[in-house]
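Below: one structure, written as structure tokens.
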Amino acid sequence: MSGGITLDHFLVLGLILFLLGAYCVLTRRNAIGILMGIELILNAANINYLAFAYFGGARYDGQIFAIFVIMLAAAEAVIGLAVILAIYQNLRTIDVDATETLSG
Amino acid sequence: MLNSLAAQIIFYFIAAITVGFAALVAFSRNIVYSAFALVGALMGVAGIYILLAADFVAMVQVLLYVGGIVVLTIFAVMLTQGIGDVAVSNRAAGPVAGFSVIALAGAVMLYATLRTPWHLAAKINVSATTYGVGNAFLGAYVLPFEIASLVLLASLIGAVVISRQDPVAPPPADASAEKTRS
């Protein structure tokens, strides 16, 4: 295994992607930017699933979980973008700091 | 398979592309650049999937993520015009706070990742996965598979209901406009 690509390589790559997505979620004021950060985080989780599936031997379980994550990401993006467009129609902005109407 | 020099070169190449585009997504001031950089990041992740011998998942990633979600995101960016991150000085959480949070979390997770003795299979066999994935979906995972189709149907109807402009009772646009301007 010396010198080859090991499980740790993929885990660290997933960690870097997760941290970039988390930074995106924390610092963006644009709601669409926050959704993009969430998608980066989900992809980082998928890399971990597939890396464990590849190196751990049980291949199909991890791949099926990854497919479910992709499916849920699609549903989440559809609903999230619909909500964002509805907010934009009403308030003319999607700045998350400005959408405080529900808080009274 | 992943021990050869070519595999290492391919891995580092794809990883560099992925991390570079993801950094562009996270740090770009312009939301349109972020949306297009997301295409590169997700394509790089699909390359990582292929390197992990998950051909079917990689194709699903390209079809659903790059072909569906990113196009939807770019549509939303274009439809909500004039929303580029204008007030950069007034962020939800400052860059310093964000960096400190992810540095702390990253240090903890990196330590945990590298110190844990992961269970590794003795022998890694690589073959086409479509047959096995399809069998698992219609065998052990048939109930989650059906529930997933229900979730997709619910999200489809929900998106239509949420984003529809109500012709009967329009929202009080004046009050919200005043609220935004003040």
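Here the protein sequences come in this chain order: H and U. With my numbering applied, the first sequence covers 366 to 469. With my numbering applied, the second sequence covers 973 to 1154. Beta carbons are placed, not taken as given, at the ideal position from N, Cα and C, and that holds for glycine. Model, not experiment: these values are computed from the prediction.
Assigned with DSSP and collapsed to three states, H:N395 falls in strand. Taking U:S1006 as the centre and dropping the five residues before and after it, the same chain places the C-beta of V997, S1000 closer than 6 Å to its C-beta, in chain order.
Cβ contact annotation for U:A1009 (same chain, cutoff 6 Å, sequence separation greater than five): F993, L996, V997, in chain order.
Two segments are said to touch when three or more pairs of C-beta atoms, one from each, lie closer than 8 Å; by this definition the segment 404-424 of chain H touches the segment 382-394 of chain H. Of the other Cβ atoms in all chains shown, fewer than 16 fall within 10 Å of the Cβ of U:R1087; this residue is therefore exposed. Close to H:A410, with beta-carbon spacing below 9 Å, lies no residue of chain U; the smallest spacing is near 11 Å. Remark: C-beta atoms of U:L1014 and U:V1043 do not approach each other more closely than 8 Å. The C-beta of H:I370 has 16 or more other C-beta atoms within 10 Å across all chains shown, which makes the residue buried. Chain U has no Cβ within less than 8 Å of the Cβ of H:I406. The beta carbon of H:L446 lies closer than 8 Å to those of I397, L400 in the same chain, with the five residues before and after it left out.
Residue pairing by DSSP puts H:D460 in a beta bridge opposite H:N395. Annotation: the continuous alpha helix (DSSP H) that includes U:R1087 extends over 1067-1087. For U:T1045, the enclosing alpha helix (DSSP H) begins and ends at 1042-1051. Between U:A1093 and H:G379, the C-beta gap is not smaller than 8 Å, which leaves the two residues out of contact. In this chain, the alpha helix (DSSP H) harbouring U:I1022 covers 1003-1023. In this structure, U:K1095 is the residue among U:V1068, U:T1045, U:A1030, U:K1095 with its C-alpha nearest to the C-alpha of U:L974.
The criterion of a C-beta distance shorter than 8 Å is satisfied by H:N411 and H:V434. In terms of Cα proximity to H:A438, the closest of H:R393, H:I381, H:L382, H:N408 is H:N408. DSSP, reduced to helix, strand and coil, places U:Q1033 within a helical segment of the structure shown. Proximity of chain H to U:G1012 at the Cβ level (cut-off 8 Å) is not reached, the minimal Cβ distance being about 12 Å. Close partners of H:I381 in chain U (Cβ separation under 7 Å): V991. Residue environment: U:V1029 is assigned as buried (16 or more neighbouring CB atoms within 10 Å of its CB, all protein chains considered). At a cut-off of 8 Å between C-beta atoms, H:I397 counts as an interface residue with respect to chain U. For U:V1105, the enclosing alpha helix (DSSP H) begins and ends at 1102-1109. One finds V1029, V1032 in chain U with Cβ atoms closer than 7 Å to the Cβ of H:I432, taken in chain order. One thing to note: H:V448 has its Cβ no nearer than 8 Å to the Cβ of U:S1127.
Taking the C-beta atoms as reference points, H:L391 is found no nearer than 8 Å to U:G1104. Within the segment 1077-1091 of chain U, contact with chain H at the beta-carbon level (separation under 8 Å) is assigned to A1077, G1078, M1081, L1082, T1085, L1086, W1090, H1091. Classified as buried, U:A1018 has 16 or more neighbouring CB atoms from the shown chains inside 10 Å of its CB. Taking 8 Å as the threshold, the shortest C-beta distance from H:I403 to chain U does not fall below it. Annotation: U:V1068 to U:A1112 spans about 47 Å, alpha carbon to alpha carbon.
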